[in-house]
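K.L.:
Take this structure first; my questions come after.
There are 2 protein chains.
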Amino acid sequence: MSTPSITAAAHVRPTSATIADVAAVAGVSVATVSRALAGNYPVAAATRERVQHAVASLNYVPNANARALAGATTRTVGIIINDVADPFFAYIARGVERQASADGRLCLIMATNGDKERELALVDLLRERRTDAVILVGGASDDPAYRKQMAARARALDADGSVLVLCGRPSLGPGVPTKMVAYDNEGGAFAMTDYLISQGHRRILYIGGPSNFSTTASRLAGFNRALAARGIAEDPALVQQGAFGRPFGYTRMKEILATDLDFSAVFAANDVVAAGVLQALEEQGLRVPDDVSLVGYDDVPMANELRPRLTTVHVPLEDMGREAVRLGLADFSHDAGASSDDTLTVGTHIIIRDSVKPRS
Amino acid sequence: MSTPSITAAAHVRPTSATIADVAAVAGVSVATVSRALAGNYPVAAATRERVQHAVASLNYVPNANARALAGATTRTVGIIINDVADPFFAYIARGVERQASADGRLCLIMATNGDKERELALVDLLRERRTDAVILVGGASDDPAYRKQMAARARALDADGSVLVLCGRPSLGPGVPTKMVAYDNEGGAFAMTDYLISQGHRRILYIGGPSNFSTTASRLAGFNRALAARGIAEDPALVQQGAFGRPFGYTRMKEILATDLDFSAVFAANDVVAAGVLQALEEQGLRVPDDVSLVGYDDVPMANELRPRLTTVHVPLEDMGREAVRLGLADFSHDAGASSDDTLTVGTHIIIRDSVKPRS
DNA sequence: TTGAAAGCGCTAACAA
DNA sequence: TTGTTAGCGCTTTCAA
Numbered sequence: 002m003s004t005p006s007i008t009a010a011a012h013v014r015p016t017s018a019t020i021a022d023v024a025a026v027a028g029v030s031v032a033t034v035s036r037a038l039a040g041n042y043p044v045a046a047a048t049r050e051r052v053q054h055a056v057a058s059l060n061y062v063p064n065a066n067a068r069a070l071a072g073a074t075t076r077t078v079g080i081i082i083n084d085v086a087d088p089f090f091a092y093i094a095r096g097v098e099r100q101a102s103a104d105g106r107l108c109l110i111m112a113t114n115g116d117k118e119r120e121l122a123l124v125d126l127l128r129e130r131r132t133d134a135v136i137l138v139g140g141a142s143d144d145p146a147y148r149k150q151m152a153a154r155a156r157a158l159d160a161d162g163s164v165l166v167l168c169g170r171p172s173l174g175p176g177v178p179t180k181m182v183a184y185d186n187e188g189g190a191f192a193m194t195d196y197l198i199s200q201g202h203r204r205i206l207y208i209g210g211p212s213n214f215s216t217t218a219s220r221l222a223g224f225n226r227a228l229a230a231r232g233i234a235e236d237p238a239l240v241q242q243g244a245f246g247r248p249f250g251y252t253r254m255k256e257i258l259a260t261d262l263d264f265s266a267v268f269a270a271n272d273v274v275a276a277g278v279l280q281a282l283e284e285q286g287l288r289v290p291d292d293v294s295l296v297g298y299d300d301v302p303m304a305n306e307l308r309p310r311l312t313t314v315h316v317p318l319e320d321m322g323r324e325a326v327r328l329g330l331a332d333f334s335h336d337a338g339a340s341s342d343d344t345l346t347v348g349t350h351i352i353i354r355d356s357v358k359p360r361s
Numbered sequence: 002m003s004t005p006s007i008t009a010a011a012h013v014r015p016t017s018a019t020i021a022d023v024a025a026v027a028g029v030s031v032a033t034v035s036r037a038l039a040g041n042y043p044v045a046a047a048t049r050e051r052v053q054h055a056v057a058s059l060n061y062v063p064n065a066n067a068r069a070l071a072g073a074t075t076r077t078v079g080i081i082i083n084d085v086a087d088p089f090f091a092y093i094a095r096g097v098e099r100q101a102s103a104d105g106r107l108c109l110i111m112a113t114n115g116d117k118e119r120e121l122a123l124v125d126l127l128r129e130r131r132t133d134a135v136i137l138v139g140g141a142s143d144d145p146a147y148r149k150q151m152a153a154r155a156r157a158l159d160a161d162g163s164v165l166v167l168c169g170r171p172s173l174g175p176g177v178p179t180k181m182v183a184y185d186n187e188g189g190a191f192a193m194t195d196y197l198i199s200q201g202h203r204r205i206l207y208i209g210g211p212s213n214f215s216t217t218a219s220r221l222a223g224f225n226r227a228l229a230a231r232g233i234a235e236d237p238a239l240v241q242q243g244a245f246g247r248p249f250g251y252t253r254m255k256e257i258l259a260t261d262l263d264f265s266a267v268f269a270a271n272d273v274v275a276a277g278v279l280q281a282l283e284e285q286g287l288r289v290p291d292d293v294s295l296v297g298y299d300d301v302p303m304a305n306e307l308r309p310r311l312t313t314v315h316v317p318l319e320d321m322g323r324e325a326v327r328l329g330l331a332d333f334s335h336d337a338g339a340s341s342d343d344t345l346t347v348g349t350h351i352i353i354r355d356s357v358k359p360r361s
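Structure (structure tokens):
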């Protein structure tokens with residue numbers, strides 16, 4: 002009942018119960034505890050029960066780091082994306098998290114914010130963690146030095162028994178050990194452009210997307226191929242690269258509207274660029290789709306909230322995330338070796354909503 | 002020059018370079034390598050260089066699991082949210098990731114999909130990982146059994162030297178060792194309701210949010226307080242709880258419109274519910290804000306894309322995520338003990354856009 | 001300034 | 001069915 006004396010133990014770092022503690026309480030060896038918990042080895046029912054009681058009474062959970070060190074896997078996958086809050090990446094991340102979870106894995110997430118140096122550094126951080134797979138998402142720079150450095154990391158990961166999964170980004174070159182899940186980026190752009198042309202549009206403004214960036218290159222390739230297929234000449238003035246992002250769409254569209262550039266439809270590099278474009282058009286008193294048609298890419302939820310509802314290209318983002326994990330963990334599920342295919346391409350298709358009208 | 006013979010070593014698990022390999026190549030002891038790499042101890046310049054060369058030539062990265070086992074921290078924080086792709090959670094997650102990154106931590110993310118059993122299990126999974134902090138985000142059930150179980154985990158985490166940070170959810174009770182970052186949920190709802198009343202609205206429909214849920218309770222409390230402050234009687238028919246989410250907003254609004262319930266404004270429990278409500282109203286030929294006013298909560302980007310642009314309550318989501326990490330890591334930054342405050346409340350305020358009109 | 005060696009908590013032979 | 005023990009790769013005394 003007296004006040005407890007202040008001991009010198011003020012700085013002992015708190016520490017959790019260990020398997021040895023459980024063993025002691027249960028009156029068995031640590032090996033038995035390990036087996037009882039893993040359940041992969043015969044343990045007497047009575048023993049198992051004693052162990053379980055000890056576990057409960059000590060509030061014991063195994064130390065995953067020790068487990069990873071002793072065992073073969075960390076039960077973790079890593080995912081590197083641009084931005085956690087960007088819906089394009091968030092939906093892929095959702096797929097990754099869900100599939101990882103289904104496969105008994107936890108998910109280490111990191112954002113580059115578009116910095117490729119950082120991207121390289123993050124792969125190394127994940128390598129330190131010994132994740133079962135590292136999933137790299139989104140468009141990539143075509144800078145050769147960068148590609149070389151990333152290829153080196155792919156090889157390192159491979160040598161470590163992990164794997165680099167490229168999700169929605171181009172190959173690092175033949176011979177570089179990666180897996181990949183791609184989507185038909187070019188095909189979606191082709192289909193959309195062709196649709197616009199079928200609606201009578203001839204002068205279509207393509208706007209957004211960083212140049213020297215794989216995603217931009219693919220979408221533009223589909224765009225140009227559709228033009229060519231219909232015998233429409235490319236006009237450099239109608240291709241306005243720059244960035245993904247609402248501000249770019251808004252600002253660049255404003256600038257263009259201040260010129261006398263002639264166009265009847267706008268193909269925004271993605272839905273959020275389209276939102277910016279739409280606002281610029283609105284402010285100029287131009288009605289969509291009556292005065293100008295507008296389309297986007299990605300089919301993120303926002304596309305359906307815009308007014309008019311945005312016609313866009315659907316990309317199965319969540320599926321891509323799931324497949325990336327499946328591919329990355331393929332060597333774990335079976336007893337190694339029999340990995341099926343290393344690359345997978347999912348389809349895209351256009352979603353027709355209300356933002357396109359035949360050219361009058 | 003001959004073909005390499007196929008050895009029996011077909012099934013050796015690939016394994017990365019270790020600190021011992023580096024030591025061997027550099028011709029020093031592992032302790033020296035450790036010190037050279039950590040940089041926290043004097044090492045001869047020449048030695049350091051030899052080590053760095055060895056590291057580079059072996060493509061060595063330290064094993065974070067071994068490091069965590071030997072050292073004191075895993076340099077990891079865990080975050081548990083409802084859904085990775087839900088913007089409310091995604092923005093908080095962005096703040097968490099950014100602050101964690103700034104503090105040299107990696108971020109383990111997991112989604113409950115609204116399942117509280119799973120939430121409990123996920124906390125345990127994070128406990129196994131020995132994360133420096135676990136951040137639990139979003140509204141919580143008020144079920145006593147659930148609260149008790151979570152409180153037990155908070156205590157376990159605390160005993161382990163980690164910490165449970167409650168982010169945007171109510172306390173687990175006095176004496177339960179947690180930290181928390183809250184936002185003025187009630188105040189935001191009060192301010193918004195008062196604004197609606199000031200615009201002449203008397204019959205305001207509150208729609209959405211699961212019942213028996215802390216977030217709903219707070220928002221409703223603010224709503225009712227504002228009503229009371231202006232001497233307006235509560236009408237149970239005007240409070241329609243159910244769920245967060247666009248489908249609920251749409252469906253319930255449709256149902257209500259089929260009745261003769263009288264109201265001139267709708268307060269949606271959050272922005273995405275508002276999007277659903279807006280669609281239902283539109284389809285009914287009701288114009289917002291001319292025929293009925295509509296407001297939301299959270300101020301996610303979508304609110305600004307709706308037409309009319311949605312008047313809503315701004316919640317500093319990213320800040321909350323950052324603060325949660327700061328709080329959780331507070332004991333690490335200083336030499337333990339001198340942790341400042343354990344709870345932080347950030348403010349909310351209304352953002353007036355175009356979806357409210359004075360009642361005519 | 002460097003090395004030797006004792007753990008950190010767990011798994012997985014190997015024995016019994 | 002259970003116990004003993006040798007690592008897993010690193011950090012950190014303790015000595016030199």
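Protein chains in written order, with this note's numbering: chain A, 2 to 361; chain B, 2 to 361. The beta-carbon is built from N, C-alpha and C at its ideal position, and this holds for glycine as well. Being a predicted model, the structure only gives us computed values, none of them experimental.
Quickly, what does DSSP pair residue 110 of chain A with across the bridge? List them, please.
P.N.:
Paired residue(s): A:80, B:108.
K.L.:
Please name the residues in the region 147-169 of chain A whose beta-carbon is closer than 7 Å to at least one beta-carbon of chain B, in chain order.
P.N.:
Correct list: 157, 160, 161, 162.
K.L.:
Could you tell me which chain B residues have their CB closer than 7 Å to the CB of residue 110 of chain A, listed as they occur along the chain?
P.N.:
The answer, in chain order, is 98, 108, 110.
K.L.:
Mind listing the chain B neighbours of residue 303 of chain A? Cutoff is C-beta to C-beta under 8 Å, in chain order.
P.N.:
By Cβ distance, chain B contributes 302, 303, 306.
K.L.:
How is residue 54 of chain A classed by DSSP in three states: helix, strand or coil?
P.N.:
Residue state, collapsed to three classes: helix.
K.L.:
I'd like to know whether the C-beta of residue 63 of chain B is nearer than 8 Å to at least one C-beta of chain A.
P.N.:
True, the Cβ-Cβ gap to chain A drops below 8 Å.
K.L.:
Between the alpha carbons of residue 224 of chain B and residue 281 of chain B, how many angstroms are there, rounded?
P.N.:
Going by the C-alpha atoms only, they are around 23 Å apart.
K.L.:
Any beta-carbon of chain B closer than 8 Å to the one on residue 293 of chain A?
P.N.:
Closer than 8 Å: no.
K.L.:
Would you report the Cα separation of residue 180 of chain A and residue 73 of chain A, rounded to the nearest angstrom?
P.N.:
Each residue's alpha carbon lies about 21 Å from the other.
K.L.:
What does the Cβ neighbour count give for residue 356 of chain B, buried or exposed, with the cut at 16 atoms within 10 Å?
P.N.:
Its Cβ being crowded by 16 or more others within 10 Å, residue 356 of chain B is buried.
K.L.:
Using a Cβ cut-off of 8 Å (strictly closer), state whether residue 128 of chain B contacts chain A.
P.N.:
Closer than 8 Å: yes.
K.L.:
Quick check on residue 116 of chain A - is its C-beta less than 8 Å from some C-beta in chain B?
P.N.:
Judged by the 8 Å Cβ criterion, residue 116 of chain A is not in contact with chain B.
K.L.:
Just to confirm the assignment, what range does the beta strand (DSSP E) spanning residue 207 of chain A have?
P.N.:
Its beta strand (DSSP E) spans residues 205-208.
K.L.:
Chain B beta carbons: is any one of them nearer than 8 Å to that of residue 25 of chain A?
P.N.:
So, not an interface residue.
K.L.:
Provide the residue(s) that pair with residue 257 of chain B in DSSP beta bridges, ordered along the chain.
P.N.:
Beta-bridge pairing links residue 257 of chain B to no other residue.
K.L.:
Quick one: give me the first and last residue of the alpha helix (DSSP H) that residue 196 of chain B is part of.
P.N.:
Residues 186-199.
K.L.:
Show which residues of chain B have a CB atom less than 8 Å away from the CB atom of residue 16 of chain A.
P.N.:
What residue 16 of chain A touches in chain B: 161, 162.
K.L.:
Where does the unbroken beta strand (DSSP E) through residue 267 of chain B begin, and where does it stop?
P.N.:
Where residue 267 of chain B is concerned, the enclosing beta strand (DSSP E) stretches over 266-269.
K.L.:
Give every residue of the same chain whose Cβ lies closer than 8 Å to the Cβ of residue 188 of chain A, excluding the five residues on either side of it in the sequence, and list them in chain order.
P.N.:
223, 348, 349.
K.L.:
Taking only beta-carbon atoms, is residue 70 of chain A less than 8 Å away from chain B?
P.N.:
Interface residue, yes.
K.L.:
Show which residues of chain B have a CB atom less than 7 Å away from the CB atom of residue 66 of chain A.
P.N.:
By Cβ distance, chain B contributes 66, 69, 70, 75, 131.
K.L.:
Under 6 Å Cβ to Cβ from residue 344 of chain B, same chain only, skipping five residues before and after it: list those, please.
P.N.:
Contacts found: 181.
K.L.:
How would you label residue 256 of chain B, buried or exposed, when you count the other beta carbons within 10 angstroms and need 16 or more for buried?
P.N.:
Exposed, by the Cβ-count rule.
K.L.:
So, residue 208 of chain A versus residue 274 of chain A, is the Cβ gap smaller than 8 Å?
P.N.:
Yes, the pair counts as a contact, with Cβ atoms nearer than the cut-off.
K.L.:
Are residue 109 of chain B and residue 127 of chain B closer than 8 Å when you measure CB to CB?
P.N.:
Contact: yes.
K.L.:
Am I right that residue 59 of chain A and residue 18 of chain A are in contact with their C-beta atoms under 8 Å? What's the rounded C-beta distance?
P.N.:
So it is a contact: roughly 4 Å between Cβ atoms.
K.L.:
Assuming the contact rule is C-beta atoms closer than 8 Å, residue 112 of chain B and residue 83 of chain B should be a hit. Round their C-beta distance to whole Å, please.
P.N.:
Residue 112 of chain B to residue 83 of chain B, Cβ: 7 Å. Contact.
K.L.:
Assuming residue 29 of chain A and residue 62 of chain A are in contact, meaning their beta carbons sit under 8 Å apart, how far apart are those beta carbons, in whole angstroms?
P.N.:
18 Å between Cβ atoms; not a contact.
K.L.:
Against chain A, does residue 95 of chain B count as a neighbour if the rule is that its beta carbon must be under 8 Å from one of theirs?
P.N.:
Taking Cβ atoms only, chain A reaches closer than 8 Å to residue 95 of chain B, which makes this a yes.
K.L.:
At which residues does the alpha helix (DSSP H) containing residue 279 of chain B begin and terminate?
P.N.:
Here the alpha helix (DSSP H) through residue 279 of chain B covers 272-284.
K.L.:
Would you kindly report the start and end of the unbroken beta strand (DSSP E) that includes residue 134 of chain B?
P.N.:
Residues 134-138.
K.L.:
Here's the rule I'm using: 16 or more other beta-carbon atoms within 10 Å means buried, otherwise exposed. How should residue 202 of chain B be labelled?
P.N.:
Under this definition residue 202 of chain B is a buried residue.
K.L.:
Provide the residue span of the beta strand (DSSP E) that contains residue 163 of chain B, from first to last.
P.N.:
Segment: none, residue 163 of chain B is in no beta strand (DSSP E) and carries neither H nor E.
K.L.:
Roughly how many whole angstroms lie between the Cα atoms of residue 173 of chain A and residue 154 of chain A?
P.N.:
Answer to the nearest angstrom: the Cα atoms are 11 Å apart.
K.L.:
Does the beta carbon of residue 271 of chain A sit closer than 8 Å to a beta carbon anywhere in chain B?
P.N.:
So, not an interface residue.
K.L.:
Let's see if you can read the secondary structure: which residues bound the alpha helix (DSSP H) around residue 34 of chain A?
P.N.:
Per DSSP, residue 34 of chain A belongs to the alpha helix (DSSP H) from 31-39.
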